[in-house]
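Each protein sequence line maps, in turn, to chains A, B and C. At position 68 of the first sequence (counting the first as 1) the number is 727 in the numbering used here, and the numbers step up by one without a gap. At position 168 of the second sequence (counting the first as 1) the number is 173 in the numbering used here, and the numbers step up by one without a gap. At position 4 of the third sequence (counting the first as 1) the number is 828 in the numbering used here, and the numbers step up by one without a gap. Ideal Cβ placement from N, Cα and C applies to all residues, glycine included. Notes for the one structure printed next.
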Amino acid sequence: MTWTWFHRLASPPYIYALAARLTPWFAWPAGLCILAGLWGGLVLAPPDYQQGDGFRILYVHAPSAWMSLMVYTTMAIAAAIGLIWRMKVAHAVAASCAPIGASFTFAALVTGALWGEPMWGTYWEWDPRLTSELVLLFLYLGYMGLRAGIEDPQRADRASAVLAVVGVVNVPIIHYSVTWWNSLHQAPSVMRLAKPAMPLAMVTPLLLMLLGFTLLFVALLLTRLRGEVLARERAASWIREVVSA
Amino acid sequence: MSSSESHAAHALGPVAASAARTEEGAPAARPTSAVEAARLALLRDLQLAFRKRSQLVQPLAFFAMVTLLFPLAISPELARLRELAPGVLWVAALLASLLALEFLFRDDAHDGTLEQYALSGQSLTALMFAKTLAHWLLTGLPLAVMAPLAALSLGVAPAALPGIVVAVAVGSVTLSLIGSIGAALTLGIKRSGALLSLLTLPLSLPVLIFGARATQLAIHGAPFLAPLELLGALAVLGITLAPLAAAAAVRISLE
Amino acid sequence: MREFFDMGGYAAFVWPAYAVTLAVVVLNIVWARQALARSREEARRRLKMHGETR
């Protein structure tokens, strides 16, 4: 039973139609969550005891950083699936992830720098988390560069998949670097669900933003996926109906 | 060229033909083990490299040149240079090792040896390990020998030199391993130098960080075992995983 | 209202941060839709070529 579902997912026309149908179901809730999160974060949440209103950068920095890691992990998993089961759709998913992940990594670095300057007196420090986040950006760029540099689409898919999988070691390094090394970054405070260190009025907008960005990612992924799937089909008949619609 | 080709083919023979043949009752020679095939590939690479000794010198000359640039560009004061020495040494070593990566697969991809390796039925992972080991012996190890000379020219005290040799020797193992993955992925791509750097450098950063740290501690006479152990751990991790990834990458590039 | 835009003195950091993030979000949406449109155009062209050579 479950295998038919899996095999259906591998079918390009099915995926194309499914992606088109699902996109609005992620796009609109994403917009709502983000708007609600912005309202809660900018207006409703009380100023922080130490950082005053400056801490509100959290509501754009944390979701961006979350996206940079989550998207890479998704890309690496899709790449691995594509390599192991030779699924074109999986490679299409991986290809769709890269530009999204790269841009949010950039956002995470910039918002982090803007947060760091007033709070800790420096735009940049070569501490492990910042450095490995920068490395993550280069990994994304290398992935996209490798894809662009290889002409044969199949070889491009598989070579960049190997790169994505090799680079995934960086993700736990970024995540755990704050606990392994004491440095500029603060220890994780949201993840302690038992007794969150932040008051509810501060945590809720953050969770909304995280959820909103995640939903946004899915919507963006589905949109790009359709294009990637189309590009991998030579001149299959199902394209005819889809494209002239 | 023909004599080296035939010699190459001669050394290649046992490797390429080592899949045991048992069809039509042809006597299967004792099948070559993966270790034996790796040993043969290693010897072959070393022998071929010694024929083109001038090529071996290039990364070393580059390393020397880069280290020379810093005193000229920044300051001839030895005290100043001594502070910069860890960074200078490791950046130069990293760049030199990047330069040397060009030689890892180029000739073999060109004359079809790499395809023979992939088709031979031997463990491509073992062969990749052998090639990377040869590469390290030919470039990384000489870099480790040259590093103390460069360090001396940057005002480093002789007492720190053994630590530097060890750190560069261990670190360059990982650099060769990571580089082999990038080189395999970019096989046959024209003018792949910049792309190869973009792929290899991010993954090489931990080596740079720990290597420079170990060197810095050695220069100040402090115990440097901790970063050295981390360098060692990275090398072990690399030895376990990199040849596998490189083999996969080679197969993909040859498809 | 003034207080809101002032962000307790951190305005020079908070608002650019939000602006950059918003720009990245919008860019992603535009970019994704453009990529899809381009792929559809490519597919249409490929179909036409195949149709004519048949």
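Sort out for me which residues DSSP pairs residue i with in a bridge.
{"i": "Ala-711/A", "result": "Here residue 711/A is Gly; the residue named in the question, Ala, does not match the sequence. In DSSP, Gly-711/A forms a bridge with Asp-707/A."}
I want to see whether chain F comes within less than 8 Å of residue i, judged by CB atoms only; does it?
{"i": "Ile-809/A", "result": "Included in the structure are the protein chains A, B and C, with no chain F among them."}
State the CB to CB distance for the pair residue i and residue j, rounded to an integer number of angstroms; the pair is presumed to be in contact (CB under 8 Å).
{"i": "Arg-35/B", "j": "Ala-123/B", "result": "Actually they are not in contact, since the Cβ atoms of Arg-35/B and Ala-123/B sit about 23 Å apart, beyond 8 Å."}
{"i": "Ile-736/A", "j": "Val-888/A", "result": "Ile-736/A to Val-888/A, Cβ: 18 Å. No contact."}
{"i": "Leu-796/A", "j": "Ala-761/A", "result": "6 Å"}
{"i": "Leu-61/B", "j": "Ala-54/B", "result": "6 Å"}
{"i": "Pro-864/A", "j": "Gly-696/A", "result": "5 Å"}
{"i": "Ala-188/B", "j": "Leu-109/B", "result": "5 Å"}
{"i": "Phe-759/A", "j": "Phe-876/A", "result": "Looking at the sequence itself, residue 759/A is Ile, so the reference to Phe does not match. Sure, about 6 Å apart at Cβ, within 8 Å."}
{"i": "Leu-192/B", "j": "Ala-253/B", "result": "No, Leu-192/B and Ala-253/B are not in contact; Cβ-Cβ is about 12 Å, not under 8 Å."}
{"i": "Trp-774/A", "j": "His-720/A", "result": "6 Å"}
{"i": "Pro-153/B", "j": "Val-170/B", "result": "6 Å"}
{"i": "Pro-64/B", "j": "Ala-101/B", "result": "4 Å"}
{"i": "Leu-808/C", "j": "Val-825/A", "result": "A question about residue 808/C goes unanswered here, because the residues of chain C that appear run from 825 up to 878."}
{"i": "Pro-248/B", "j": "Thr-130/B", "result": "5 Å"}
{"i": "Ala-43/B", "j": "Leu-106/B", "result": "Their Cβ separation, rounded to whole angstroms, is 20 Å, which puts Ala-43/B and Leu-106/B out of contact at 8 Å."}
{"i": "Ala-820/A", "j": "Ala-738/A", "result": "4 Å"}
{"i": "Val-850/C", "j": "Ile-716/A", "result": "Actually they do not touch by this definition, with Cβ atoms about 19 Å apart."}
{"i": "Ala-801/A", "j": "Leu-203/B", "result": "Reading the sequence as shown, one finds Gly at residue 801/A and not Ala. Confirmed, Cβ separation roughly 5 Å."}
{"i": "Pro-671/A", "j": "Glu-900/A", "result": "About 13 Å; that fails the 8 Å criterion."}
{"i": "Gly-804/A", "j": "Ile-194/B", "result": "So it is not a contact: roughly 10 Å between Cβ atoms."}
{"i": "Glu-866/C", "j": "Ala-890/A", "result": "7 Å"}
Taking beta-carbon pairs under 7 Å, can you tell me which members of the stretch 794-807 of chain A lie near chain B? Val-794, Phe-797, Leu-798, Leu-800, Gly-801, Gly-804 and Leu-805
For the stretch 829-847 of chain C, which residues have a CB atom closer than 9 Å to at least one CB atom of chain A, in sequence order? Asp-830, Met-831, Gly-832, Gly-833, Tyr-834, Ala-835, Ala-836, Phe-837, Val-838, Pro-840, Ala-841, Tyr-842, Val-844, Thr-845, Leu-846 and Ala-847
Check whether the stretch 164-180 of chain B touches the stretch 134-152 of chain B, counting contact only when three or more Cβ pairs, one atom from each stretch, lie closer than 8 Å. yes
Closer than 9 Å, Cβ to Cβ, to anything on chain B: give me those residues from the stretch 817-839 of chain A, in chain order. Arg-817, Ala-818, Ser-819, Ala-820, Val-821, Leu-822, Val-824, Val-825, Gly-826, Val-828, Asn-829 and Ile-832
Are the stretch 46-64 of chain B and the stretch 74-87 of chain B in contact at 8 Å, needing three or more beta carbon pairs? no
What residues in the stretch 695-724 of chain A bring their beta carbon closer than 9 Å to a beta carbon of chain C? Leu-697, Leu-701, Val-702, Pro-706, Gln-710, Gly-711, Asp-712, Gly-713, Phe-714, Arg-715, Ile-716, Tyr-718, Val-719, His-720, Pro-722 and Ser-723
Ranges of the alpha helix (DSSP H) found wholly within the stretch 146-225 of chain B, counting only runs of at least 4: 146-158, 166-190 and 198-224
Residues from the stretch 665-692 of chain A in contact with chain C, defined by Cβ distance under 9 Å: Ala-686
Listed in chain order, which residues of the stretch 104-127 of chain B have Cβ atoms closer than 9 Å to some Cβ of chain A? none
Proximal residues, the stretch 875-894 of chain A versus chain C, C-beta separation under 8 Å: Leu-875, Leu-879, Thr-882, Arg-883, Arg-885, Gly-886, Glu-887, Leu-889, Ala-890, Glu-892, Arg-893 and Ala-894
Positions along the stretch 847-859 of chain C whose CB lies within less than 8 Å of some CB in chain A: Val-848, Val-849, Leu-851, Asn-852, Ile-853, Trp-855, Ala-856, Arg-857 and Ala-859
Is the stretch 854-871 of chain A in contact with the stretch 803-816 of chain A, if contact means three or more CB pairs nearer than 8 Å? no
Validate contact between the stretch 835-847 of chain C and the stretch 766-782 of chain A using beta carbons, cut 8 Å, 3 pairs: yes
Hey, is the stretch 856-867 of chain C in contact with the stretch 877-888 of chain A, meaning 3+ C-beta pairs nearer than 8 Å? yes
Would you mind listing the beta strand (DSSP E) stretches within the stretch 805-836 of chain A that are 3+ residues and don't spill past its ends, in chain order? none
Selection of the stretch 207-226 of chain B by Cβ proximity to chain A, strictly under 9 Å: Pro-207, Leu-208, Leu-210, Pro-211 and Ile-214
List in chain order: all unbroken beta strand (DSSP E) runs of 3+ residues lying wholly within the stretch 80-147 of chain B. none
Please list the residues of the stretch 727-748 of chain A that have a C-beta atom closer than 9 Å to any C-beta atom in chain B, keeping them in chain order. Leu-742
For the stretch 717-734 of chain A against the stretch 750-758 of chain A, do three or more pairs of beta-carbon atoms, one drawn from each stretch, fall closer than 8 Å, so that the two count as touching? yes
The stretch 722-732 of chain A touching the stretch 674-686 of chain A, judged by at least three CB pairs closer than 8 Å: no
Say whether the stretch 89-97 of chain B touches the stretch 212-219 of chain B, bearing in mind that this needs 3 or more beta-carbon pairs closer than 8 Å, one atom from each stretch. yes
Pairs of beta-carbons, one from the stretch 158-171 of chain B and one from the stretch 183-203 of chain B, closer than 8 Å: are there three or more? no
Between the stretch 830-840 of chain C and the stretch 771-787 of chain A, do three or more beta carbon pairs fall short of 8 Å? yes
4-residue-minimum alpha helix (DSSP H) runs that sit fully inside the stretch 715-777 of chain A, ordered along the chain: 717-744
With 8 Å as the limit, tell me which residues of the stretch 761-772 of chain A have their beta carbon closer than that to any beta carbon of chain C; keep them in chain order. Ser-762, Phe-763, Phe-765, Ala-766, Val-769 and Thr-770
What residues in the stretch 245-258 of chain B bring their beta carbon closer than 7 Å to a beta carbon of chain A? Ala-250, Ala-253, Ala-254, Ile-257 and Ser-258
Between the stretch 161-191 of chain B and chain A, which residues of the former have a C-beta closer than 9 Å to a C-beta of the latter? Ile-183, Ile-186, Gly-187, Ala-189, Leu-190 and Thr-191
Just by C-beta distance, which residues in the stretch 773-793 of chain A are closer than 8 Å to chain C? Leu-773, Trp-774, Glu-776 and Pro-777
Return the chain-ordered ranges of every alpha helix (DSSP H) run that is complete within the stretch 29-60 of chain B and spans a minimum of 4 residues. 39-56
Residues from the stretch 193-206 of chain B in contact with chain A, defined by Cβ distance under 8 Å: Ile-194, Ser-197, Leu-200, Leu-203, Leu-204 and Leu-206
Using a Cβ-Cβ cut-off of less than 9 Å, give me the residues of the stretch 66-98 of chain B that come near chain A, in sequence order. none
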